[in-house]
Amino acid sequence: MVSADFGISLLSTHGTGKQGMVHHNRLIENQAPAGNAIVVKGLIKSFKRLKVLDGIDFVVKQGTVLALLGPNGAGKTTTVHILGTLLLPDGGKALINGLDVVKEANRVRSLIGLTGQYAALDEYLTGTENLHMIGRLYRLSHRDIKRRTRELLELFDLVEASNRAVKTYSGGMRRRLDLAVSLIASPPIIFLDEPTTGLDPRSRLIMWNIIKQLVSSGTTILLTTQDMDEADNLADRIVVINGGKIIAEGTADELKQRIGSERLEITVSEASNFDEAKKVVDEDGLHVDSKRRTLSVVTKGGVHQLKQVLSNLDEAGINVESVSFRSPTLDDVFLTLTGHTTEQSKGETKAQQEG
Numbered sequence: 001m002v003s004a005d006f007g008i009s010l011l012s013t014h015g016t017g018k019q020g021m022v023h024h025n026r027l028i029e030n031q032a033p034a035g036n037a038i039v040v041k042g043l044i045k046s047f048k049r050l051k052v053l054d055g056i057d058f059v060v061k062q063g064t065v066l067a068l069l070g071p072n073g074a075g076k077t078t079t080v081h082i083l084g085t086l087l088l089p090d091g092g093k094a095l096i097n098g099l100d101v102v103k104e105a106n107r108v109r110s111l112i113g114l115t116g117q118y119a120a121l122d123e124y125l126t127g128t129e130n131l132h133m134i135g136r137l138y139r140l141s142h143r144d145i146k147r148r149t150r151e152l153l154e155l156f157d158l159v160e161a162s163n164r165a166v167k168t169y170s171g172g173m174r175r176r177l178d179l180a181v182s183l184i185a186s187p188p189i190i191f192l193d194e195p196t197t198g199l200d201p202r203s204r205l206i207m208w209n210i211i212k213q214l215v216s217s218g219t220t221i222l223l224t225t226q227d228m229d230e231a232d233n234l235a236d237r238i239v240v241i242n243g244g245k246i247i248a249e250g251t252a253d254e255l256k257q258r259i260g261s262e263r264l265e266i267t268v269s270e271a272s273n274f275d276e277a278k279k280v281v282d283e284d285g286l287h288v289d290s291k292r293r294t295l296s297v298v299t300k301g302g303v304h305q306l307k308q309v310l311s312n313l314d315e316a317g318i319n320v321e322s323v324s325f326r327s328p329t330l331d332d333v334f335l336t337l338t339g340h341t342t343e344q345s346k347g348e349t350k351a352q353q354e355g
């Protein structure tokens, strides 16, 4: 079983053997064929009798962001583990800049950075010391370590906290330092496993801006997320995975178009029976958000449909707090394709090693 802090597991392998770790200026010599930084073909992985990946295929073009979306246990983290050379696949093939992740694992490791769901940092070292330590594991020169540490501390707005022990950092500061550590050797390809989970809105926006800066400089990023706003804001393409299979792929706009046009959203009054309201509205494609007390359906009959729904609710003694029409969101896509809301997915128990 792979440790949750798999960033350390990966980093500990860097610098071993003759390949070692080299700086980004030398890494760019290993360009992928046809502009694809990541190619996945027929990837299969099982844990005992549970098939976690069932023949998935996708590509990520250089200098773009691909978001893997799916409920807990869908196979997202297992995919990242295989691409990061932390797990062996049972079948299929995965290429990083044209290099096979199984047959050429050491060379692949020289091209990638990886940030897991939990910060893989030494809490008793300062931010600067953590960066220096990983730089030495990468076998960077003393000059490059100092230069990259200074650049990353400035980029991640950690200069003032750089000489404090990491155990004194906030959650957002730890996540930023964790990502900075994965960038010390300037890898051209980065895997981010739910990079903003648990962050406050300000820290999340800071992370988003950093990710956008990395992509604008040519870095390729594969991220897993259950944050629909994150995927909408960052991803050039989105792959929806469920039960180990890819069930949809496209841009955010393409996926939204798949589930129809506008939706009618009704908010039920606190004084009324929400379960009864669900029975009354019961239409195809009904989306229910019990926390917000909203019912959402695809618009079919315009004003006539609205009148009919409101009339049925009134006859049942259900008071409506508000009514609105809105365009479909990635949350609607997620629910339609997987049968889960993102909130339900975040609250579920994680399946075996997967999240």
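The opening residue of the sequence shown carries number 1 in the working numbering; numbering runs sequentially from there. Where is the CB? At the ideal position from N, CA and C, for every residue including glycine.
- By DSSP's assignment, Lys307 forms no beta bridge with any residue.
- Ser324 carries a strand assignment under DSSP once its states are collapsed to helix, strand and coil.
- When DSSP reads this structure, Lys51 sits in a beta bridge with Ser46.
- In the DSSP assignment, no residue is bridged to Arg175.
- A buried status is given to Leu179, since no fewer than 16 other beta-carbon atoms sit within 10 Å of its beta-carbon.
- Under the three-state reduction of DSSP output, Gly35 falls in the helix class.
- Taking each of Ser296, Val281, Ile318 and Val303 in turn and checking the Cα distance to Val333, the smallest one comes out for Ser296.
- Of the other Cβ atoms in all chains shown, 16 or more fall within 10 Å of the Cβ of Gly113; this residue is therefore buried.
- Rounded to the nearest angstrom, the Cβ distance from Ile184 to Gly127 is 12 Å, too far for a contact under 8 Å.
- As the crow flies, the alpha-carbon of His81 is around 6 Å from that of Leu87.
- Shown here, Gly92 sits in a strand according to DSSP, grouped into three states.
- Boundaries of the beta strand (DSSP E) harbouring Ile189: Ile189 to Asp193, taken from the DSSP string.
- For the 9 Å CB-CB criterion, Lys256 and Pro328 form a contact.
- Under the 10 Å beta carbon count, His132 is surrounded by 16 or more other beta carbons and is classified as buried.
- Counting along the chain, Gly113 sits inside the beta strand (DSSP E) bounded by residues Ile112 to Thr115.
- Only residues of its own chain outside the window of five on either side were considered, and among them Thr329, Leu330, Asp331, Phe334 and Thr342 have a CB closer than 7 Å to the CB of Met228, listed in chain order.
- Beta-carbon to beta-carbon, Ile96 and Ile189 are separated by about 6 Å, close enough to satisfy the 8 Å threshold.
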